[in-house]
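**Q**
Residue numbers (my numbering): 8 to 558.
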């Protein structure tokens with residue numbers, strides 16, 4: 008197809024606080040973008056200039072300015088090439104009629120014209136993968152602003168460091184922390200149309216070597232249509248202790264519960280299409296940081312409990328059974344990064360993940376067509392567990408003052424699908440006048456999900472991994488002494504073995520293809536300490552267009 012359309016333009020004017028509310032320091036203001044440090048696309052904190060990939064950072068201040076319980080609206084506004092779907096005032100839901108679909112550069116949902124779950128874009132919390140153990144997709148309503156210090160979005164494949172699902176890129180939520188000694192407590196409440204209520208309270212403490220963050224929220228709305236209610240409550244807590252200047256331990260837990268109703272199409276509405284979802288995550292990490300080496304070993308555990316009523320249309324009979332599932336995902340991650348000689352950084356790491364769950368239908372009404380069934384009976388679905396093991400090496404070298412080289416490789420083994428090799432390489436040229444020219448070649452891959460292999464009629468246990476190659480050229484720079492920043496990205500993506508549903512065979516097969524190319528631009532101008540303007544534009548061409556990724 009040759010459709011060409013403006014896909015995203017944003018101009019925002021903000022009243023900054025926090026860092027910019029201090030007395031004027033023109034030098035620090037002008038060098039802020041230049042000195043930006045990230046942890047995504049690298050396992051240790053790194054100046055973004057030395058990385059060949061493109062990373063967009065949405066800070067705490069920008070998240071707060073949206074006054075949204077979810078991080079997705081802010082990301083959609085601030086990140087070129089990122090698109091998300093929404094369906095109402097609040098909440099995204101799951102299953103039939105759900106929104107919250109995400110795509111980067113057209114990669115995220117399936118290649119079928121009707122789209123599908125977001126299985127090719129990976130969401131992380133502090134570097135740990137977050138997706139439903141059975142379905143293999145993120146749960147949009149679980150990623151709330153209250154837990155985020157900032158969000159780093161890597162645009163393009165990131166499978167060398169993060170493995171399966173990081174084909175289109177990664178969204179890494181960096182959780183909140185308290186940097187200086189003291190106590191800070193914040194509360195906010197908002198009320199608006201359709202009986203919409205938003206509340207949030209947070210408390211952050213640091214005393215010597217101890218730190219803590221505790222947040223909670225309750226949000227609800229009646230929605231702008233009948234049968235479109237949404238309600239969510241949850242909390243996040245994080246505790247940390249610094250044993251010394253080089254060793255620290257932290258752990259956190261996040262639990263959210265939401266109830267979502269889907270009204271269906273206006274001319275063919277649903278009745279009782281309701282979801283009751285509980286999601287939780289916890290993690291622990293022991294980190295070390297020395298002058299020439301740093302690393303961490305961490306454990307994470309995610310779980311979920313889903314209860315879904317598929318509903319019925321007017322004139323039809325209510326559902327006789329409701330879908331239920333329990334899923335889990337746990338893992339261990341270790342890495343160590345070291346400077347072996349001047350300008351060098353070598354990182355080695357190992358990841359282990361165990362995921363899966365079970366599903367069943369619970370009988371809630373007698374079905375005369377199925378004698379013998381009793382109310383409360385469980386009709387078994389799937390009960391599967393799988394494992395992934397991976398090791399990786401990433402090598403970065405500043406060759407001289409104007410050139411940095413980055414190369415990495417990962418070997419990833421899936422207990423059912425097999426082994427995949429993932430290479431990556433790139434160059435960063437540091438040009439005069441604070442300009443950067445970067446070139447990147449990277450591979451992304453995705454293992455098939457338990458849903459695709461074992462659940463529902465299109466299931467196919469013989470599926471193989473998807474893969475794609477991304478070729479990218481980017482240029483960034485600053486003008487007016489650093490007050491203005493700009494960037495341009497050109498990319499070409501080619502992939503095959505993509506999982507899709509064959510209508511003739513009525514099963515999932517590895518026969519899809521991806522061929523996307525496009526341009527992303529962004530422009531930012533800091534007028535003064537109080538005013539800032541940002542704009543971005545994306546143009547995307549897809550040979551196989553899908554939902555949630557407009558051309």
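Using N, Cα and C, we set each Cβ at its ideal position, and we do this for glycine too.
1. Count the other CB atoms within 10 Å of the CB of residue 422; is the residue buried (16 or more) or exposed (fewer)?
2. Which two residues bound the contiguous beta strand (DSSP E) that contains residue 114?
3. With a threshold of 16 other CB atoms inside 10 Å of the CB of residue 226, please say whether the residue is buried or exposed.
4. Does the pairing of the stretch 452 to 463 with the stretch 137 to 144 give three or more beta-carbon distances under 8 Å?
5. Looking at C-alpha atoms only, which residue of 468, 328, 114 and 89 is the closest neighbour of residue 514?
6. Can you confirm whether residue 60, when its beta carbon is compared against all beta carbons of chain D, has any partner nearer than 9 Å?
7. If you check the beta carbons only, do residue 311 and residue 364 fall under 9 Å apart?
8. Three or more C-beta pairs closer than 8 Å, one from the stretch 340 to 357 and one from the stretch 365 to 384: is that the case here?
9. Where does residue 280 sit, in a helix, a strand or coil, going by DSSP?
10. Taking only runs that begin and end inside the stretch 467 to 533, name each unbroken beta strand (DSSP E) of 3 or more residues, in chain order.
11. Check this for me: beta carbons of residue 361 and residue 335, under 9 Å apart or not?
12. Determine the contact status of residue 447 and residue 478, defining contact as a CB-CB distance below 9 Å.
13. Would you mind working out which of 113, 89, 88 and 125 sits nearest residue 106, comparing C-alpha positions?
14. Alpha carbon to alpha carbon, what distance is there between residue 404 and residue 419?
15. In chain order, what residues of the same chain lie with their CB nearer than 7 Å to the CB of residue 249, ignoring the 5 residues before and after it?
16. If you follow the beta strand (DSSP E) that residue 198 is in, where does it begin and where does it stop?
17. Closest to residue 268 by CA distance: which of 316, 246 and 286 is it?
18. Look at residue 443 and residue 452 and say whether their C-beta atoms are less than 9 Å apart.
19. Thinking C-alpha only, which one of 114, 83, 97 and 99 is nearest residue 547?
20. List the DSSP bridge partners of residue 227.
21. Buried or exposed: where does residue 511 fall if 16 or more other Cβ atoms within 10 Å of its Cβ makes it buried?
22. Just mark residue 99 as buried or exposed, buried being the case when its beta carbon has 16 or more other beta carbons within 10 Å.
23. Please report the distance separating the alpha-carbon of residue 183 from that of residue 326.
24. Which of the three DSSP states is assigned to residue 408 in this structure?
25. If you reduce the DSSP assignment to three classes, tell me which class residue 299 lands in.
26. May I ask you to list the residues that DSSP assigns as paired with residue 390?
27. Check whether the Cβ of residue 246 sits closer than 8 Å to any heavy atom of the ligand FMN, and report yes or no.
28. Determine the direct distance from the alpha carbon of residue 60 to that of residue 498, and round the result to whole angstroms.
29. If you follow the alpha helix (DSSP H) that residue 167 is part of, which residue opens it and which one closes it?
30. Between which residues of its own chain and residue 414 is the CB-CB distance below 6 Å, once the five residues before and five after are set aside?
31. Just checking my contact of residue 440 with residue 502 at CB under 8 Å: how many whole Å lie between their CB atoms?
32. Buried or exposed for residue 385, please, with buried defined as at least 16 other CB atoms from any protein chain shown within 10 angstroms of its CB.
33. For the beta strand (DSSP E) that residue 430 lies in, which residues bound it at each end?
34. From residue 411 to residue 280, what distance separates their C-alpha atoms?
35. Taking residue 179 as the reference, give the member of 66, 266, 199 and 540 with the closest Cα.
36. Within this structure, are the beta carbons of residue 158 and residue 191 separated by less than 9 Å?
**A** According to the structure shown:
1. The residue labelled residue 422 in the question sits at position 415 within the chain shown. Classification for residue 422: exposed.
2. Walking along the chain shown from the start, residue 114 turns up at place 107. Boundaries for residue 114: no beta strand (DSSP E) harbours it, and the DSSP string shows neither H nor E there.
3. Translated into positions along the chain shown, residue 226 becomes position 219. A buried status is given to residue 226, since no fewer than 16 other beta-carbon atoms sit within 10 Å of its beta-carbon.
4. Taking a cut-off of 8 Å for Cβ pairs, the stretch 452 to 463 and the stretch 137 to 144 touch, as three or more such pairs fall below it.
5. By one-based count along the chain shown, residue 514 stands at place 507. Taking the Cα of residue 514 as reference, the smallest distance to any Cα among 468, 328, 114 and 89 is reached at 468.
6. Looking at the structure shown, chain D is missing, and only one protein chain is on hand.
7. Within the chain shown, the letter at position 304 stands for residue 311. Within the chain shown, the letter at position 357 stands for residue 364. Residue 364 is positioned such that its CB atom lies closer than 9 Å to that of residue 311.
8. At 8 Å Cβ cutoff, the stretches do not touch.
9. Here residue 280 refers to the residue found at position 273 of the chain shown. The three-state secondary structure of residue 280, taken from DSSP, is coil.
10. Segments of the beta strand (DSSP E) lying fully in the stretch 467 to 533: 473 to 486, 491 to 509 and 514 to 533.
11. Reading the chain shown from its first residue, position 354 is the one you call residue 361. Reading the chain shown from its first residue, position 328 is the one you call residue 335. Yes; because the gap between Cβ atoms is below 9 Å, this pair is in contact.
12. Counting from 1 along the chain shown, the entry for residue 447 is found at position 440. Counting from 1 along the chain shown, the entry for residue 478 is found at position 471. A contact, by the Cβ cut-off of 9 Å.
13. If you number the chain shown from 1, residue 106 lands on position 99. Out of 113, 89, 88 and 125, 125 has the C-alpha closest to the C-alpha of residue 106.
14. Here the question's residue 419 lines up with position 412 in the chain shown. Here the question's residue 404 lines up with position 397 in the chain shown. For the pair residue 419 and residue 404, the Cα-to-Cα distance works out to about 25 Å.
15. Translated into positions along the chain shown, residue 249 becomes position 242. These residues qualify, in order along the chain: 216 and 255.
16. As a first step, residue 198 must be located in the chain shown, where it is residue number 191. Counting along the chain, the unbroken beta strand (DSSP E) around residue 198 starts and ends at 189 to 199.
17. For the purposes of this step, residue 268 is identified with residue 261 of the chain shown, where counting begins at 1. Relative to the Cα of residue 268, the nearest Cα in the group 316, 246 and 286 belongs to 316.
18. Locating residue 443 in the chain shown gives position 436, counting from the first residue. Locating residue 452 in the chain shown gives position 445, counting from the first residue. No; because the gap between Cβ atoms is not below 9 Å, this pair is not in contact.
19. In the chain shown, the residue the question calls residue 547 occupies position 540. Of the candidates 114, 83, 97 and 99, the residue whose Cα lies closest to the Cα of residue 547 is 114.
20. Indexing the chain shown from 1 puts residue 227 at position 220. Looking at the DSSP output, residue 227 bridges to 204 and 238.
21. Numbered from its first residue, the chain shown carries residue 511 at position 504. Classification of residue 511: exposed, given that the 10 Å Cβ count is below 16.
22. One-based indexing of the chain shown puts residue 99 at position 92. Buried: at least 16 other Cβ atoms inside 10 Å.
23. For the purposes of this step, residue 183 is taken as the residue at position 176 of the chain shown. For the purposes of this step, residue 326 is taken as the residue at position 319 of the chain shown. Straight-line Cα distance between these residues: approximately 43 Å.
24. The residue labelled residue 408 in the question sits at position 401 within the chain shown. Assignment of residue 408 by DSSP, reduced to helix, strand and coil, places it in the coil class.
25. Residue 299 sits at position 292 when you count from the first residue of the chain shown. Here residue 299 sits in coil by DSSP.
26. Start at 1 with the first residue of the chain shown, and residue 390 comes out as number 383. For residue 390, which the question treats as bridged, DSSP gives the partners 365.
27. The ligand content of the structure shown is nil, which means the ligand FMN is not present either.
28. Within the chain shown, the letter at position 491 stands for residue 498. Within the chain shown, the letter at position 53 stands for residue 60. If you take the alpha carbons of residue 498 and residue 60, they lie about 11 Å apart.
29. Reading the chain shown from its first residue, position 160 is the one you call residue 167. Per DSSP, residue 167 is one residue of the alpha helix (DSSP H) stretching across 166 to 169.
30. Here residue 414 corresponds to residue number 407 of the chain shown, with the count starting at 1. For residue 414, where only same-chain residues beyond five positions count, the Cβ hits under 6 Å are 402 and 432.
31. To locate residue 440, count along the chain shown from 1; it is residue 433. To locate residue 502, count along the chain shown from 1; it is residue 495. Not quite, the Cβ-Cβ distance comes to about 37 Å (not below 8 Å), so this is no contact.
32. What you label residue 385 is simply residue 378 of the chain shown in a count that begins at 1. By the beta-carbon neighbour count (other beta carbons within 10 angstroms, threshold 16), residue 385 is exposed.
33. For the purposes of this step, residue 430 is identified with residue 423 of the chain shown, where counting begins at 1. In this chain, the beta strand (DSSP E) harbouring residue 430 covers 425 to 438.
34. Start at 1 with the first residue of the chain shown, and residue 411 comes out as number 404. Start at 1 with the first residue of the chain shown, and residue 280 comes out as number 273. Taking the straight line joining both Cα atoms gives about 54 Å.
35. Within the chain shown, residue 179 is the residue found at index 172, counting from 1. Checking every option, the nearest Cα to that of residue 179 belongs to 66.
36. The residue given as residue 158 occupies position 151 in the chain shown. The residue given as residue 191 occupies position 184 in the chain shown. No, Cβ-Cβ distance for residue 158 and residue 191 is not below 9 Å.
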